[in-house]
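Single-structure report; data block below.
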Amino acid sequence: MKLVYEALENEQLVRMIPDNGTAPLYFSVQLVPTQAVIGDVFELTQTADCTTLTLLPHEKEARLNDLKAKRAALLNRNK
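Mapping of the sequence shown onto our numbering: residues 18 to 96, in sequence order.
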């Protein structure tokens, strides 16, 4: 499942928003890479005894480019 880093709460918890539209998930700050910033996209992998968050470095940029293209198309549609 892909998650978007939304906020850091109390310097201990990271709030992530799932792509599937479900409620936010909270993780310990130790699970998140130190270089992560708000808006980064992660892949969540869970097993019976392990939870892993893997940073997807190009996903954030791809999503931003997609949103810019959609916005430009909407602006051009009204002309």
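For glycine and all other residues, C-beta sits at the position ideal for the given N, C-alpha and C.
- With distances taken between CA atoms, Phe44 lies nearest to Leu20 out of Leu20, Leu91, Ala65.
- The alpha-carbon of Phe59 is positioned some 23 Å away from that of Lys87.
- Between Met33 and the set Tyr22, Leu81, Thr39, Ala40, the nearest pair of CA atoms involves Tyr22.
- Listed as beta-bridge partners of Val58 by DSSP are Val21.
- By the criterion of a C-beta distance shorter than 6 Å, Pro41 is surrounded in its chain by Arg32, Ile34, once the five residues flanking it on both sides are discounted.
- The Cβ atoms of Gly56 and Lys77 sit closer than 7 Å to each other.
- The C-beta of Leu81 has fewer than 16 other C-beta atoms within 10 Å across all chains shown, which makes the residue exposed.
- If you check the CB distance, Val49 and Leu30 do not come in under 7 Å.
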